[in-house]
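Chains as they are written, first to last, in my numbering: chain W, 1 to 354; chain U, 1001 to 1294; chain D, 2001 to 2259. The block underneath contains the structure these notes are about, expressed in structure tokens.
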Amino acid sequence: MVRRYLRAGNLAVCALLVATFLAGQVAIASGWLNPYYQVQLFSMGINVILAVSLNLINGFTGQFSLGHAGFMAVGAYTAAVATTRWGLPFAAAVLLAAAASAVMGLLVGVPTLRLRGDYLAIATLGFGEILRSILYNVDYVGGATGLLGIPRLTTWPWLFALTVVTVLAVKNLVNSTRGLALKAVRDDEIAAEDAGVDTTRTKVLAFVLGAVFAGIGGALYAHYFFVIQPTTFSFLKSFEILVYVVLGGLGSITGSVVSATALTLLSAALQQLAALRMVLYGLVLVLLMIFRTGGLFGTWELSFEAIGQAWAWLFHRRPPAGDRAPLTAAASSPGSATLPDLPEVTRDGAPQDR
Amino acid sequence: MTAILQQIVNGLSLGSIYALIALGYTMVYGIIKLINFAHGDIYMVGAYVAFFAVTLLSMNLGVALLLAMLAAALTGVLIERIAYRPLRNAPRIAALITAIGVSFILENGGILVLKPDPRAFPDPIRWRQIRLMGGSLVLSTQDLFIVGVTVAMMLLLVYFVQRTRTGRAMRAVAYDMQAAALMGVDVNRTIAVTFAVGSALAAVAGVLVGLYYNRIDPLMGLVPGLKAFIAAVLGGIGSIPGAMLGGYLLGVIEALVGGTQFSLFRDAVSFALLILILLVRPAGLLGRNVREKV
Amino acid sequence: MALLKTVDLGVAFGGLKALSGLDLELEAGELVGLIGPNGAGKTTVFNLLTGEFAPSQGEILFDGRRLGHLKPHQVNRLGIARTFQNIRLFRGLTVVENVEVALHARMAPGFLATLFRLPAWYEREAAVEARALELLELMGLRPYARQLARNLPYGLQRRLEIARALASRPKLLLLDEPAAGMNPQESRALMELIRAIRERFQLTILLIEHDMSVVMGVCERIVVLDHGVEIARGTPEEIRRNPRVIEAYLGEEASADAS
Chain W
1 MVRRYLRAGN
11 LAVCALLVAT
21 FLAGQVAIAS
31 GWLNPYYQVQ
41 LFSMGINVIL
51 AVSLNLINGF
61 TGQFSLGHAG
71 FMAVGAYTAA
81 VATTRWGLPF
91 AAAVLLAAAA
101 SAVMGLLVGV
111 PTLRLRGDYL
121 AIATLGFGEI
131 LRSILYNVDY
141 VGGATGLLGI
151 PRLTTWPWLF
161 ALTVVTVLAV
171 KNLVNSTRGL
181 ALKAVRDDEI
191 AAEDAGVDTT
201 RTKVLAFVLG
211 AVFAGIGGAL
221 YAHYFFVIQP
231 TTFSFLKSFE
241 ILVYVVLGGL
251 GSITGSVVSA
261 TALTLLSAAL
271 QQLAALRMVL
281 YGLVLVLLMI
291 FRTGGLFGTW
301 ELSFEAIGQA
311 WAWLFHRRPP
321 AGDRAPLTAA
331 ASSPGSATLP
341 DLPEVTRDGA
351 PQDR
Chain U
1001 MTAILQQIVN
1011 GLSLGSIYAL
1021 IALGYTMVYG
1031 IIKLINFAHG
1041 DIYMVGAYVA
1051 FFAVTLLSMN
1061 LGVALLLAML
1071 AAALTGVLIE
1081 RIAYRPLRNA
1091 PRIAALITAI
1101 GVSFILENGG
1111 ILVLKPDPRA
1121 FPDPIRWRQI
1131 RLMGGSLVLS
1141 TQDLFIVGVT
1151 VAMMLLLVYF
1161 VQRTRTGRAM
1171 RAVAYDMQAA
1181 ALMGVDVNRT
1191 IAVTFAVGSA
1201 LAAVAGVLVG
1211 LYYNRIDPLM
1221 GLVPGLKAFI
1231 AAVLGGIGSI
1241 PGAMLGGYLL
1251 GVIEALVGGT
1261 QFSLFRDAVS
1271 FALLILILLV
1281 RPAGLLGRNV
1291 REKV
Chain D
2001 MALLKTVDLG
2011 VAFGGLKALS
2021 GLDLELEAGE
2031 LVGLIGPNGA
2041 GKTTVFNLLT
2051 GEFAPSQGEI
2061 LFDGRRLGHL
2071 KPHQVNRLGI
2081 ARTFQNIRLF
2091 RGLTVVENVE
2101 VALHARMAPG
2111 FLATLFRLPA
2121 WYEREAAVEA
2131 RALELLELMG
2141 LRPYARQLAR
2151 NLPYGLQRRL
2161 EIARALASRP
2171 KLLLLDEPAA
2181 GMNPQESRAL
2191 MELIRAIRER
2201 FQLTILLIEH
2211 DMSVVMGVCE
2221 RIVVLDHGVE
2231 IARGTPEEIR
2241 RNPRVIEAYL
2251 GEEASADAS
């Protein structure tokens, strides 16, 4: 049983994660990474969480949500109220944020997820704006001024751990039979339902899980940047997260991680030119949709297998091997596109493979 | 009672703006099934063109309005040609993402080029207040002007869509693009005309709102754009009378909510209305239902 | 007792009756053909049986339970699986994954086990994959297991749909024009395969076909629909000689010639 977890791949990932964590810890503690770059580092982590969780909904499940900033807001406000008003420890605040976002995800998801495509997009955008409008008018959470003086409790270990948990949990989900149900809903909802997939439940589940991680991202955000305001979580924030996901590739976790990281750096470089950055984002969306709908990575994922294949290709000039070989066999007879070879049927009725 | 009546009157101007923008949304959605997120920003383009025409070129308002319509129409056609046409056979979400991208470019390009600060829109007309019902109901000639221009535009549009050859082509393409193409309708041209007409109407809305609020800024299209979309859905997206009805209904509802103690929740009410309509009657008040084929 | 029984089943869309008054009875183990000209309401019957549409009249009894108000996935879990006339595969998934989707409902590991890869996850996933590959083997699709479904040639896609339907362990299998677009030899081979599947899985099969000649050889009983109404039922031989059936089909040919 234990051996299953001690495979070379898992061990290598663990070693890599520990090394990254320690490197970050040392860089921050020693002051080598100055505060400006620390802000960028923390933004990266939070943006990765937001992008990966939105990709779960939009990319893997095919339910186009434009309300992700709303769930981030629920998490941010819940956690901030928990620490500043109720004096709860950060761990409890994060859990509460996750729970509140889950409830909100359920409340939004159950009614709206029967809408399709652009109608769902606009309905989720509407929910985000309603939420913001409510935050704007509730004095308990500071109204238009928002919540100020939130303690900086988002430390490197917290950020690192929650980012890793988000990415791994989403990866584990999408690379499993349950994840196949999500993708089946994305590819053909009617066929999925007829294949026994409870599509409503599946969609709501993905939506709620995405909302939970967005809420956690919000909790981390609130406790790093001291201040949260309703304007922080407008639909423009949702659009920004959407840019990460679309650039990386709807349906690629690797893509979301890479593009959230890269675009965080880009926006840091263009800090004085926010409008220019948004023009670039706009261009990215338009050009991607016209020339490369799949984003940079399509549905490709970084894995040891992929590295191995790249290695073999680079140094041994061998094409990627394995189960994919029959692809050429099938493609070689496109002319006889119908039933090229039925299995023989033996007398006892069981079809035998050739 | 008169207080409510007063709010309704106040809502008519805002409703006119929504209706004019909603027309463009609904025409474009009707023909290529795209929520043209950039449509609200075309309205901004129209307002700015009129602003510069009046202030820099000292044109009179009427000429400035025509120029704004022309410029907006051109912008709309260009956007369609460059950003949407290549995606006509792509999944609808791809086109939606593109529209969001175009909207980013127009808004923030506007900030870069036009500077983010609001500008005072010149108002050459001296409006008067009309008092009715013993002075308890106040009506401005400006309200009448806005409603009048809007209704005139709508009548022109209805005439255009119902009675002209191009209008017939638009209806044919909206009903069945492939069949229309087979019948010899120039689909590309028809869609371009749709964008041109819708954008020109948005420019009218932009100029009217400039007169109404006396200020314009590069992000002015953001919220009214969304509101107009709500209006279009409310009335039944794809339906021209629906867009008018939805626009005025939303304007009046917002004015009524604005007159109560919940005035700060005005936006929330509009979006709640949107979601309610989508869930209960997605075809809108005047639209027709479509069922997915299994 | 009959496995499936419909009583006065019908559905109307906006006043248009797509199907009315259908009394259908399938005994366990039967292979019954449902035929009729274009637009006769054959696929509508499937959509009613699987819960895609709610009937506006009559009822459906399956295996002692009343359907009609159930959603398709619930119907599927009770033991009815289908294929589609216009192939509906999960195009972005591999061949084996397509089958695994249909196993998901019965065999998938728990949600938390999935998120955190608990020991149970490994066992269940292995079982799901083994079962899926077994079904592919049976349908002659094993060599294509890791290909994307959309890259399969057309005929294999139809077979993959059948494999996916079998994965949900149905008692009743609904096949919607499985031989569409095939030449006579191919469709004969397919019918052989269908007969073999029925034996192996002890299935009851309801088969839609547009082309009468295809079903004649394979079905024991045939029900004929026209304009949403049953016009005949009986053995292939009876159907072949039934004047109303001939008229329905001839009428269609005549109108096809006219257009």
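In this text, a Cβ means the ideal position worked out from N, Cα and C, and glycines have one as well. Model, not experiment: these values are computed from the prediction.
Practice item. Verify the CB distance criterion: does Asn2076(D) have a CB-CB separation below 8 Å to chain W? Key: Here residue 2076(D) corresponds to residue number 76 of the third sequence, with the count starting at 1. Cβ-Cβ to chain W under 8 Å: yes for Asn2076(D).
Point to revise | C-beta neighbour in chain D for Thr254(W), strict 8 Å | key: To locate residue 254(W), count along the first sequence from 1; it is residue 254. False, the Cβ-Cβ gap to chain D never drops below 8 Å.
Exercise for review: Look at the alpha carbon of Ala2113(D) and the alpha carbon of Ala2179(D), and state the distance between them as a whole number of angstroms.
Suggested key: Position 113 of the third sequence, counted from the start, is the residue given in the question as residue 2113(D). Position 179 of the third sequence, counted from the start, is the residue given in the question as residue 2179(D). Going by the C-alpha atoms only, they are around 41 Å apart.
Practice item. Count the CB pairs spanning the stretch 1204-1224 of chain U and the stretch 1120-1137 of chain U that are closer than 8 Å, and state whether there are at least three. Key: Yes: the two stretches touch, three or more of their Cβ pairs being nearer than 8 Å.
Practice item. Name the two residues that bound the continuous alpha helix (DSSP H) containing Asp194(W). Key: Walking along the first sequence from the start, residue 194(W) turns up at place 194. Segment 189-194, the alpha helix (DSSP H) holding Asp194(W).
Review point. When burial is assigned at 16 or more other CB atoms within 10 Å of the CB, is Phe315(W) buried or exposed?
Key: For the purposes of this step, residue 315(W) is taken as residue 315 along the first sequence, with counting starting at 1. Answer is exposed; the Cβ neighbour count stays below 16.
Practice item. Thinking Gly1225(U) and Val279(W) are a contact (beta carbons under 8 Å), I'd like their distance in whole angstroms, please. Key: One-based indexing of the second sequence puts residue 1225(U) at position 225. One-based indexing of the first sequence puts residue 279(W) at position 279. Between Val279(W) and Gly1225(U) the Cβ distance is about 18 Å, and since that is not below 8 Å, they are no contact.
Exercise for review: Quick one: residues in its chain with C-beta nearer than 6 Å to the C-beta of Gly1259(U), no 5 flanking neighbours on either side, listed in chain order?
Suggested key: Position 259 of the second sequence holds residue 1259(U). Contacts found: Gln1007.
Check your understanding: Under 8 Å between the Cβ atoms of Val48(W) and Thr232(W)?
Key -> To locate residue 48(W), count along the first sequence from 1; it is residue 48. To locate residue 232(W), count along the first sequence from 1; it is residue 232. At least 8 Å separates the beta-carbon of Val48(W) from that of Thr232(W).
Review point. In this structure, what does DSSP give as the bridge partners for Asp2226(D)?
Key: Indexing the third sequence from 1 puts residue 2226(D) at position 226. Residue pairing for Asp2226(D): DSSP places it in a beta bridge opposite Val2229(D).
Practice item. With DSSP as the reference, label Leu148(W) as helix, strand or coil. Key: Sequence index remark: in the first sequence, residue 148(W) carries index 148 (1-based). Here Leu148(W) sits in coil by DSSP.
Check your understanding: For Pro1086(U), which residues in chain W fall below 8 Å Cβ to Cβ?
Key -> Your numbering for residue 1086(U) matches position 86 in the second sequence. Under the 8 Å cutoff, chain W gives Ile290.
Practice item. Anything in chain W within Cβ reach of Ser2213(D), meaning under 7 Å, just list it in chain order. Key: Position 213 of the third sequence, counted from the first residue, corresponds to residue 2213(D). The premise fails here: Ser2213(D) is roughly 17 Å from chain W at the closest Cβ pair, so nothing lies under 7 Å.
Review point. Between Ile228(W) and Glu1254(U), what straight-line distance do the alpha-carbon atoms span, to the nearest angstrom?
Key: Working through the first sequence from its first residue, we reach residue 228(W) at position 228. Working through the second sequence from its first residue, we reach residue 1254(U) at position 254. Rounded to whole angstroms, Ile228(W) to Glu1254(U) spans 28 Å at the Cα level.
Practice item. Can you pull the chain U residues whose beta carbon is under 7 Å from the beta carbon of Ser133(W), in chain order? Key: Here residue 133(W) is taken as the residue at index 133 of the first sequence, counted from 1. Result: Phe1265, Asp1267, Ala1268.
Check your understanding: Within 8 Å (strictly less), CB to CB, does Arg114(W) reach chain D?
Key -> Here residue 114(W) is taken as the residue at index 114 of the first sequence, counted from 1. Using a Cβ-Cβ cut-off of 8 Å, Arg114(W) does not count as an interface residue toward chain D, since no Cβ of chain D sits closer than that to its own.
Check your understanding: Which term fits Pro1116(U), buried or exposed, when burial requires 16 or more other beta carbons within 10 angstroms of its beta carbon?
Key -> The count along the second sequence starts at 1 and reaches residue 1116(U) at position 116. Classification of Pro1116(U): exposed, given that the 10 Å Cβ count is below 16.
Practice item. Can you give me, in chain order, the residues of the stretch 1035-1056 of chain U that have a beta carbon less than 8 Å from any beta carbon in chain W? Key: Answer in chain order: Ile1035.
Review point. Assuming Thr1150(U) and Ser1016(U) make a contact with CB atoms under 8 Å, what is their CB distance in whole Å?
Key: Working through the second sequence from its first residue, we reach residue 1150(U) at position 150. Working through the second sequence from its first residue, we reach residue 1016(U) at position 16. That pair is a contact at about 4 Å.
Check your understanding: When the distance is taken between beta carbons, is Leu66(W) closer than 8 Å to Ala121(W)?
Key -> Here residue 121(W) is taken as the residue at index 121 of the first sequence, counted from 1. Here residue 66(W) is taken as the residue at index 66 of the first sequence, counted from 1. Yes, they are a contact pair.
**Study point:** Beta-ladder partner(s) of Lys2017(D), from DSSP
**Key:** Here residue 2017(D) refers to the residue found at position 17 when the third sequence is read from its first residue. In DSSP, Lys2017(D) forms a bridge with Ala2012(D).
Check your understanding: Taking the Cβ atom as the reference point for each residue, do Val2092(D) and Asp194(W) lie within a distance shorter than 8 Å?
Key -> Residue 2092(D) sits at position 92 when you count from the first residue of the third sequence. Residue 194(W) sits at position 194 when you count from the first residue of the first sequence. The amino acid at residue 2092(D) is misidentified as Val; the sequence shows Gly. Contact: no.
**Study point:** Distance between Val197(W) and Arg2106(D) (C-alpha atoms, nearest Å)
**Key:** Here residue 2106(D) refers to the residue found at position 106 when the third sequence is read from its first residue. Here residue 197(W) refers to the residue found at position 197 when the first sequence is read from its first residue. Approximately 10 Å, taken between the alpha carbons.
Review point. Quick one, are the C-beta atoms of Leu153(W) and Phe90(W) less than 8 Å apart?
Key: Residue mapping note: residue 153(W) aligns to position 153 of the first sequence, counting from 1. Residue mapping note: residue 90(W) aligns to position 90 of the first sequence, counting from 1. Contact: yes.
**Study point:** Backbone secondary structure at Leu33(W) - three-state DSSP
**Key:** Along the first sequence, one-based indexing puts residue 33(W) at 33. Under the three-state reduction of DSSP, Leu33(W) is assigned to coil, being neither helix nor strand.
Review point. Under 8 Å between C-beta atoms, does Lys2071(D) make it to chain W?
Key: Taking the first residue of the third sequence as 1, we reach residue 2071(D) at position 71. By this cut-off, Lys2071(D) is an interface position.
**Study point:** Straight-line Cα distance separating Ser53(W) from Phe2116(D)
**Key:** Numbered from its first residue, the third sequence carries residue 2116(D) at position 116. Numbered from its first residue, the first sequence carries residue 53(W) at position 53. One C-alpha to the other measures close to 16 Å.
Exercise for review: Just mark Leu56(W) as buried or exposed, buried being the case when its beta carbon has 16 or more other beta carbons within 10 Å.
Suggested key: Taking the first residue of the first sequence as 1, we reach residue 56(W) at position 56. Buried is the label assigned to Leu56(W), since at least 16 other Cβ atoms lie within 10 Å of its Cβ.
Review point. Is Arg2091(D) helix, strand or coil when you go by DSSP?
Key: Here residue 2091(D) refers to the residue found at position 91 of the third sequence. DSSP, reduced to helix, strand and coil, places Arg2091(D) outside both helices and strands of the structure shown, so it counts as coil.
Exercise for review: Rounded to whole angstroms, what's the CA-CA distance from Leu2009(D) to Ser256(W)? Just pull it up for me.
Suggested key: For the purposes of this step, residue 2009(D) is taken as residue 9 along the third sequence, with counting starting at 1. For the purposes of this step, residue 256(W) is taken as residue 256 along the first sequence, with counting starting at 1. Leu2009(D) and Ser256(W): Cα-Cα distance of roughly 50 Å.
Point to revise | Contacts that Asn137(W) makes with chain U (C-beta to C-beta distance below 7 Å) | key: On the first sequence, residue 137(W) is found 137 positions in, with the first residue counted as 1. From the beta-carbon of Asn137(W), the residues of chain U found nearer than 7 Å are Leu1264, Phe1265.
Review point. What residues are listed by DSSP as bridge partners for Leu2174(D)?
Key: To locate residue 2174(D), count along the third sequence from 1; it is residue 174. Arg2082(D), Leu2206(D), per the DSSP bridge assignment.
Exercise for review: Flag this pair as touching only if the stretch 2041-2048 of chain D and the stretch 2238-2245 of chain D have three or more C-beta atom pairs under 8 Å; answer yes or no.
Suggested key: No: fewer than three Cβ pairs fall under 8 Å.
Check your understanding: Is it a yes or a no for the stretch 2022-2030 of chain D touching the stretch 2217-2234 of chain D, going by three-plus beta-carbon pairs under 8 Å?
Key -> Using a C-beta cut-off of 8 Å, the stretch 2022-2030 of chain D makes contact with the stretch 2217-2234 of chain D, since at least three inter-stretch Cβ pairs fall below that distance.
Check your understanding: With a cut-off of 8 Å, does the C-beta of Phe127(W) fall near any C-beta of chain U?
Key -> Here residue 127(W) refers to the residue found at position 127 of the first sequence. Yes, Phe127(W) lies at the interface with chain U (some Cβ there is under 8 Å from its Cβ).
Review point. At which residues does the beta strand (DSSP E) containing Glu2059(D) begin and terminate?
Key: Within the third sequence, numbered from 1, the residue matching residue 2059(D) stands at position 59. From DSSP, the beta strand (DSSP E) with Glu2059(D) extends over 2057-2062.
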